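Worksheet: the structure to be examined is printed underneath.
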Ligand SMILES: Cc1cc2nc3c(=O)[nH]c(=O)nc-3n(C[C@H](O)[C@H](O)[C@H](O)COP(=O)(O)OP(=O)(O)OC[C@H]3O[C@@H](n4cnc5c(N)ncnc54)[C@H](O)[C@@H]3O)c2cc1C
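Numbering (our numbering), first residue to last: 3 to 375.
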């Protein structure tokens, strides 16, 4: 094979991109610091101890032709099309997919951050060391904070859990869905305080779980690629890095800076379509076909509130809430089904490139034109 695609990061976006490219006449090299795939969307379960292992073997997810390269990408030299890894290996590429994901935003001393695997382990250990009655503080008001708090409260019923959120929790849900979630939190004995927590003044608690949002690796910025204020790789509507024809970006670590795409949040439901589309655009470019603008949207978002409770907010394609929502056990079951489907979609793509499809995004006016490959 004459053409090599290197994919940086083997999360949801990276594995989806790798599977779509594999078996299509392209040598695919997938770079990962970890030896197993992390189901990040289950890290609240792992943190609270309701799931023993949030990882699965790559071999169970990936097309057999994909070469795993274990290491951390340290530098991208776009001019010479090379990536330097931390173990001093150097990978040459024809096409690069930047999918290094996100982790915890800066975490103050004394807090644990469960939103990536390296932080979830210590957070889990901290919770295990609690004595009955020891209070737990969860800082943040987004989906991760709510899921972590609810899972912890159910797993540690003798430890009072308080959410500290700077604003209303789960702001993008409708008022009625949010009220339902707040009622569930109250039933689970969780207090919610609307209060800004400063990094140097943590709440008085035996465990402080820091869930204030995702930060991204600074690899793109360090490598001289165009990034937004948060350090995400800036890509156009074809997912090409700005000014770099051979680098595509996908998932939490990339942001589409063309107008009309600001509705896309850092979620798995954004990362997988972007990963698949980035790979498709490499294949289209090789075939001399025009590249369509990226088009992905939403139908709903589930939040789990412990193993037996949850909420489903139905969404418009552009990630705004519809009036319909679902609560309780049915929503919890649906969330579990979606977590399983995620792996099923990845495996389906390994079996047949192009198998994975996703909901369309909101209509854009005027519609972005096709771009030449
Ligand atoms: C508790 C929790 C629950 C969530 N629930 C949901 C949900 O229900 N629905 C939803 O849509 N989203 C959910 N999310 C968000 C979702 O997990 C992320 O948006 C998603 O993981 C992003 O996928 P990704 O492939 O971009 O990045 P990641 O999954 O973060 O994967 C990136 C990979 O890149 C690797 N990497 C990092 N730096 C380098 C480097 N320099 N070189 C090589 N590799 C590198 C990382 O180790 C990682 O394996 C949840 C997140 C959390 C924490």
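Even for Gly, the Cβ is constructed at its ideal location relative to N, Cα and C.
Quick caveat: nothing in here was measured; it's all calculated off a predicted structure.
Go to residue i, then tell me how far its beta strand (DSSP E) extends in each direction, as first and last residue.
i           : result
residue 306 : 302-306
residue 177 : No beta strand (DSSP E) contains residue 177, which is instead part of the alpha helix (DSSP H) from 177-189.
residue 316 : 312-317
residue 100 : 97-100
residue 47  : Where residue 47 is concerned, there is no enclosing beta strand (DSSP E), although the alpha helix (DSSP H) it sits in stretches over 45-50.
residue 38  : 38-40
residue 247 : That residue, residue 247, is in no beta strand (DSSP E); it is neither H nor E in DSSP.
residue 78  : 75-79
Tell me which residue opens and which closes the alpha helix (DSSP H) that residue i is part of.
i           : result
residue 4   : Segment: none, residue 4 is in no alpha helix (DSSP H) and carries neither H nor E.
residue 265 : Taken as a continuous stretch (DSSP letters only), residue 265 belongs to no alpha helix (DSSP H), as it is neither H nor E.
residue 198 : Looking at the DSSP string, residue 198 is not in any alpha helix (DSSP H), and its letter there is neither H nor E.
residue 107 : Premise fails: residue 107 is in no alpha helix (DSSP H) and is neither H nor E.
residue 345 : 331-353
residue 120 : 119-130
residue 282 : 270-288
residue 146 : 145-157
residue 18  : 14-23
residue 32  : No alpha helix (DSSP H) holds residue 32; the beta strand (DSSP E) holding it covers 28-34.
residue 221 : 221-224
Under the assumption that residue i contacts residue j (Cβ atoms under 8 Å), give the Cβ distance between them as a whole number of angstroms.
i           : j           : result
residue 137 : residue 110 : About 17 Å separates the two Cβ atoms, so there is no contact after all.
residue 364 : residue 319 : 4 Å
residue 38  : residue 57  : 4 Å
residue 106 : residue 212 : 7 Å
residue 259 : residue 236 : 5 Å
residue 102 : residue 221 : 6 Å
residue 124 : residue 45  : Wrong, their Cβ atoms sit about 12 Å apart, outside the cutoff.
residue 72  : residue 85  : Actually they are not in contact, since the Cβ atoms of residue 72 and residue 85 sit about 14 Å apart, beyond 8 Å.
To the nearest angstrom, how far is it from the Cα of residue i to the Cα of residue j?
i           : j           : result
residue 273 : residue 15  : 5 Å
residue 238 : residue 93  : 25 Å
residue 129 : residue 335 : 25 Å
residue 65  : residue 289 : 22 Å
residue 63  : residue 78  : 27 Å
residue 90  : residue 23  : 26 Å
residue 266 : residue 249 : 20 Å
residue 149 : residue 223 : 31 Å
residue 330 : residue 181 : 13 Å
residue 281 : residue 191 : 46 Å
residue 362 : residue 264 : 15 Å
residue 167 : residue 194 : 7 Å
residue 170 : residue 196 : 7 Å
residue 198 : residue 140 : 12 Å
residue 186 : residue 349 : 34 Å
residue 376 : residue 228 : Missing from the structure shown is residue 376; the chain here goes from 3 to 375 and no further.
residue 271 : residue 9   : 19 Å
residue 255 : residue 126 : 26 Å
residue 205 : residue 309 : 27 Å
residue 108 : residue 50  : 22 Å
residue 55  : residue 134 : 25 Å
residue 285 : residue 76  : 26 Å
residue 311 : residue 132 : 24 Å
residue 29  : residue 218 : 27 Å
Kindly indicate which residue of the options has the alpha-carbon position closest to the one of residue i.
i           : options               : result
residue 302 : 179, 292 and 201      : 179
residue 262 : 188, 202, 344 and 297 : 297
residue 80  : 100, 70 and 91        : 100
residue 316 : 175, 307, 251 and 190 : 175
residue 151 : 71, 252 and 47        : 47
residue 88  : 127, 74 and 148       : 74
residue 209 : 307, 188 and 165      : 165
residue 142 : 172, 35 and 356       : 172
residue 36  : 196, 118, 19 and 270  : 118
residue 341 : 306, 310 and 324      : 306
residue 278 : 8, 70 and 359         : 359
residue 67  : 121, 295 and 7        : 7
residue 295 : 20, 134, 323 and 366  : 366
residue 200 : 112, 25 and 84        : 112
residue 5   : 26, 251, 82 and 156   : 26
residue 293 : 304, 247, 343 and 300 : 247
Are there 16 or more other CB atoms within 10 angstroms of the CB of residue i, so buried, or fewer, so exposed?
i           : result
residue 41  : buried
residue 146 : buried
residue 326 : exposed
residue 346 : exposed
residue 253 : buried
residue 268 : buried
residue 226 : exposed
residue 154 : buried
residue 114 : buried
residue 351 : buried
residue 203 : exposed
residue 322 : exposed
residue 34  : buried
residue 82  : exposed
Within 8 Å: the Cβ of residue i and any heavy atom of ligand 2?
i           : result
residue 337 : No copy of ligand 2 occurs in the structure displayed; its ligands are ligand 1 alone.
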